[in-house]
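Start counting the sequence shown at 24; every next residue gets the next number (my numbering). Where a beta carbon is used, it is the ideal one built from N, C-alpha and C, also for glycine.
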Amino acid sequence: MGRSGGKKEHQIIPKNFGKLKTNTYLCTNFRGQMKIKEIVSALERFAPLPLQDGFDNAGLQIGLTEAEATGALLCLDVTEAVVDEAVALGYNLIVSHHPLIFKGFKSITGKDYVERCIMKAIQNNIVIYSAHTNLDNAQGGVNYKIAEKIGLKNVQVLDPKIQGEVVAGAGVVGELTESETETDFLKRIKRLFEVGCLKHNRLHGRLIRKVALCGGSGAFLLPNAVEEGADVFITGEVKYHDYFYYDNRILVAEIGHYESEQYTKEIFYSIIRERFPELDVQMTRVNTNPIKYL
Ligand SMILES: [Zn+2]
24 MGRSGGKKEH QIIPKNFGKL KTNTYLCTNF RGQMKIKEIV SALERFAPLP
74 LQDGFDNAGL QIGLTEAEAT GALLCLDVTE AVVDEAVALG YNLIVSHHPL
124 IFKGFKSITG KDYVERCIMK AIQNNIVIYS AHTNLDNAQG GVNYKIAEKI
174 GLKNVQVLDP KIQGEVVAGA GVVGELTESE TETDFLKRIK RLFEVGCLKH
224 NRLHGRLIRK VALCGGSGAF LLPNAVEEGA DVFITGEVKY HDYFYYDNRI
274 LVAEIGHYES EQYTKEIFYS IIRERFPELD VQMTRVNTNP IKYL
């Protein structure tokens with residue numbers, strides 16, 4: 024665990040020494056090993072950092088990516104228990120959806136869980152990398168995974184933004200292969216996402232066929248869902264007054280932030296498994312949901 028630093032000279036190789044870099048790459052692969060930065064590149068090819076929203080802090084959070092990867096632990100949130108898990112497994116890379124760091128620090132003394140995670144990660148030579156709104160907005164990202172779990176077809180971006188030749192953006196909308204009653208649909212969603220308490224607005228006896236959704240705090244897309252003619256909008260968090268406003272406009276299902284995004288780990292898993300089949304990779308066994316239900 025925690026094989027630190029890699030070889031320092033690699034960090035100062037100028038870009039034009041491409042041949043030397045290629046040789047290094049072949050050499051590390053020959054030993055069945057790879058540097059953390061190669062894994063980061065694979066994640067960023069899937070979810071490019073420029074796709075992230077303005078408020079976000081996705082990308083490398085902590086550590087030196089020149090180190091050889093000893094294993095990757097995948098999670099939604101970085102908590103102390105998750106860092107402990109990585110230490111116990113001997114893995115030196117944690118890939119999370121939610122960034123650990125959002126603000127500047129004047130001191131790091133361990134006074135809250137973020138500072139304690141930072142200290143613990145650095146002490147154990149663990150790299151922390153986060154793919155957040157760039158993964159929300161990416162093709163095949165967080166919302167596509169939710170749509171896949173629900174079994175939606177013809178899945179499209181709900182609020183598309185063209186990035187080069189790629190259609191990216193927030194939320195998705197798709198269709199069920201067979202209509203379901205509101206109650207059957209909501210019960211299925213509750214089971215599927217293991218929701219402790221599924222909140223919804225008044226039922227109107229609609230049949231559910233067209234489903235719009237956005238993992239996490241996605242209520243800002245409610246107008247788009249209505250405009251698309253969706254029968255239901257599923258997200259993690261909805262404000263009280265939205266329930267009034269959308270009362271007879273669309274069925275709103277609030278399933279919890281963690282619950283809605285929990286399968287994001289599977290996206291990381293497939294990207295890393297496919298590119299680095301020999302690397303130890305595991306989804307965290309820690310349920311990091313900070314919200315409990317009575
Ligand atoms: Zn989230």
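What whole-angstrom Cβ distance do residue i and residue j have, given they're in contact under 8 Å?
| i | j | result |
| --- | --- | --- |
| K168 | Y292 | Not really, about 11 Å apart at Cβ, beyond 8 Å. |
| A95 | Y114 | 6 Å |
| L181 | Y152 | With a Cβ gap of about 27 Å, L181 and Y152 do not count as contacting. |
| E198 | K172 | Incorrect: roughly 15 Å between the Cβ atoms, too far for contact. |
| A161 | A70 | 4 Å |
| K60 | T88 | 4 Å |
| T204 | K176 | So it is not a contact: roughly 19 Å between Cβ atoms. |
| A242 | D270 | In fact, because the Cβ distance is near 14 Å, the residues do not count as touching under 8 Å. |
| T258 | L99 | 15 Å between Cβ atoms; not a contact. |
Going by C-alpha to C-alpha distance, which of the options sits closest to residue i?
| i | options | result |
| --- | --- | --- |
| A170 | F256, Y152 and L96 | F256 |
| K222 | K58, G279 and L96 | G279 |
| G219 | G241, E282, G252 and A248 | E282 |
| L97 | V309, M142, K315 and V180 | V309 |
| E277 | L245, P71 and T204 | L245 |
| F128 | M142, V118 and E251 | M142 |
| I149 | A109, S64 and K58 | A109 |
| P73 | A92, K184 and G86 | K184 |
| D254 | N224, E297 and L87 | N224 |
| V118 | R272, E251, E297 and E289 | E289 |
| P122 | N247, D79, K315 and Q179 | D79 |
| I146 | I294, T156, I85 and V261 | Residue identity differs from the one stated: residue 146 is Gln in this sequence, not Ile. The candidate whose alpha carbon is nearest that of Q146 is I85. |
| I62 | F299, E203 and I314 | F299 |
| I273 | G239, G228 and L66 | G228 |
| V189 | K126, D207, G164 and T206 | G164 |
| R139 | D107, K210 and H120 | D107 |
| H155 | G192, Y269, Y268 and E301 | G192 |
| V249 | L209, V275, I124 and I295 | V275 |
| L230 | G252, G238 and K58 | G252 |
| F208 | G238, V196, V178 and G174 | G174 |
| Q305 | N157, P313, I294 and N312 | I294 |
| Q186 | E301, Y316, Q75 and S64 | Q75 |
| L158 | E301, E284 and T311 | E284 |
| F125 | G77, Y316 and Q56 | G77 |
| A111 | T93, H120 and Q56 | T93 |
| L83 | L302, S130 and H120 | H120 |
| V195 | A90, C237 and E260 | C237 |
| A81 | E91, E67 and A104 | E67 |
| V105 | T307, P313 and Y316 | T307 |
| I314 | E260, L226, N247 and T206 | E260 |
| Q56 | S202, S130 and A90 | A90 |
| L226 | G239, F267, N247 and Y316 | F267 |
| G239 | N166, D303 and S64 | N166 |
Counting only beta-carbon separations shorter than 8 Å, does residue i have a partner in chain D?
| i | result |
| --- | --- |
| I124 | Annotation note: the requested chain D is absent from the structure, which comprises a single protein chain. |
Q) Mind pulling the beta strand (DSSP E) runs of 3 or more residues that sit fully within the stretch 177-252? A) The qualifying runs are 189-204 and 230-237.
**Q.** Every unbroken beta strand (DSSP E) within the stretch 125-169, with a cutoff of 3 residues, ordered by chain
**A.** Segments of the beta strand (DSSP E) lying fully in the stretch 125-169: 150-153.
Q: Would you check if there are 3 or more beta carbon pairs closer than 8 Å linking the stretch 130-145 to the stretch 208-215?
A: Touching, no, given that fewer than three Cβ pairs across the two stretches are closer than 8 Å.
Q: Just jot down, in chain order, the residues whose CB lies closer than 6 Å to any heavy atom of ligand 1.
A: Sorted by position in the chain, H121, G239, H280 and E284 make up the residues whose C-beta lies under 6 Å from a heavy atom of ligand 1.
Q.
Restricting to runs no shorter than 3 residues, where is the beta strand (DSSP E) found entirely within the stretch 86-120?
A. The beta strand (DSSP E) runs of length 3 or more contained entirely in the stretch 86-120 are, from start to end of the chain, 95-98 and 116-119.
Q) In the stretch 249-310, which residue ranges form an unbroken beta strand (DSSP E) of at least 3 residues, counting only runs that do not cross its ends? A) The beta strand (DSSP E) runs of length 3 or more contained entirely in the stretch 249-310 are, from start to end of the chain, 255-258, 274-277 and 304-306.
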